[in-house]
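Numbering (my numbering), first residue to last: 1 to 203.
Written out as structure tokens, the structure is:
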């Protein structure tokens, strides 16, 4: 249970168009440059592509929002480090002060040219992730909740964001005809919780 689904721990704190299935066969990734030390020195890293440019130790506070209010704040730590395997990186997050909340996952390259990666939780769960303009995004459902998760590198910060809500539509509109035009049915999903952290380098 320690390595339960990605983000399930923080989703449980807050409240009591999924990608088409793809072939997860990993394609060979270009040989990376020599591993970087985890000292968050920026000169070299800024010139490197994802995920090499994200390597380091990061920390900040995770704010959990319901509506317009912050209902809880907990510490968040993250370590991104190269493994011994080409195209794979340790992707470890810890929420709160307890070591048992550590999520020692692995980020694996599927197709770097297309920005396609997976986060392997090492418990049979794989999260498909996609890189857009220095933002790594995942979108999935778990236990009746629809979750949009992202990590975005902004200069010397990594912004972590979760939007979560029920996968059941809050409203269904359209599905009619107006002036001979067929209007498609639109289902709108609710978002009940936002979780956001700004992570900064650990000196």
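Glycine included, C-beta positions come from ideal geometry on N, C-alpha and C.
Considering just the uninterrupted stretch of the beta strand (DSSP E) at residue i, what are its terminal residues?
{"i": "residue 58", "result": "56-66"}
{"i": "residue 90", "result": "88-95"}
{"i": "residue 75", "result": "69-82"}
Does DSSP put residue i in a helix, a strand or coil?
{"i": "residue 113", "result": "helix"}
{"i": "residue 100", "result": "helix"}
{"i": "residue 129", "result": "strand"}
{"i": "residue 166", "result": "strand"}
{"i": "residue 124", "result": "coil"}
{"i": "residue 47", "result": "coil"}
{"i": "residue 53", "result": "helix"}
{"i": "residue 155", "result": "coil"}
Note down the Cα distance separating residue i from residue j, rounded to an integer number of angstroms.
{"i": "residue 187", "j": "residue 174", "result": "9 Å"}
{"i": "residue 201", "j": "residue 83", "result": "20 Å"}
{"i": "residue 227", "j": "residue 192", "result": "Residue 227 falls outside the range modelled here, since the chain spans only 1 to 203, and no answer is possible."}
{"i": "residue 184", "j": "residue 171", "result": "14 Å"}
{"i": "residue 105", "j": "residue 137", "result": "16 Å"}
{"i": "residue 126", "j": "residue 118", "result": "6 Å"}
{"i": "residue 80", "j": "residue 145", "result": "27 Å"}
{"i": "residue 49", "j": "residue 99", "result": "31 Å"}
{"i": "residue 129", "j": "residue 53", "result": "17 Å"}
{"i": "residue 160", "j": "residue 195", "result": "8 Å"}
Count the other CB atoms, across all protein chains shown, that sit within 10 Å of the CB of residue i; report buried if there are 16 or more and exposed otherwise.
{"i": "residue 66", "result": "exposed"}
{"i": "residue 108", "result": "buried"}
{"i": "residue 56", "result": "buried"}
{"i": "residue 77", "result": "buried"}
{"i": "residue 180", "result": "exposed"}
{"i": "residue 103", "result": "buried"}
{"i": "residue 73", "result": "exposed"}
{"i": "residue 169", "result": "exposed"}
Please find out if some non-hydrogen atom of the ligand PLP comes closer than 7 Å to the beta-carbon of residue i.
{"i": "residue 116", "result": "This structure does not include the ligand PLP; it has no bound ligands of any sort."}
Can you check DSSP and say which residues form a bridge with residue i?
{"i": "residue 171", "result": "188"}
{"i": "residue 181", "result": "178"}
{"i": "residue 138", "result": "149"}
{"i": "residue 194", "result": "65, 163"}
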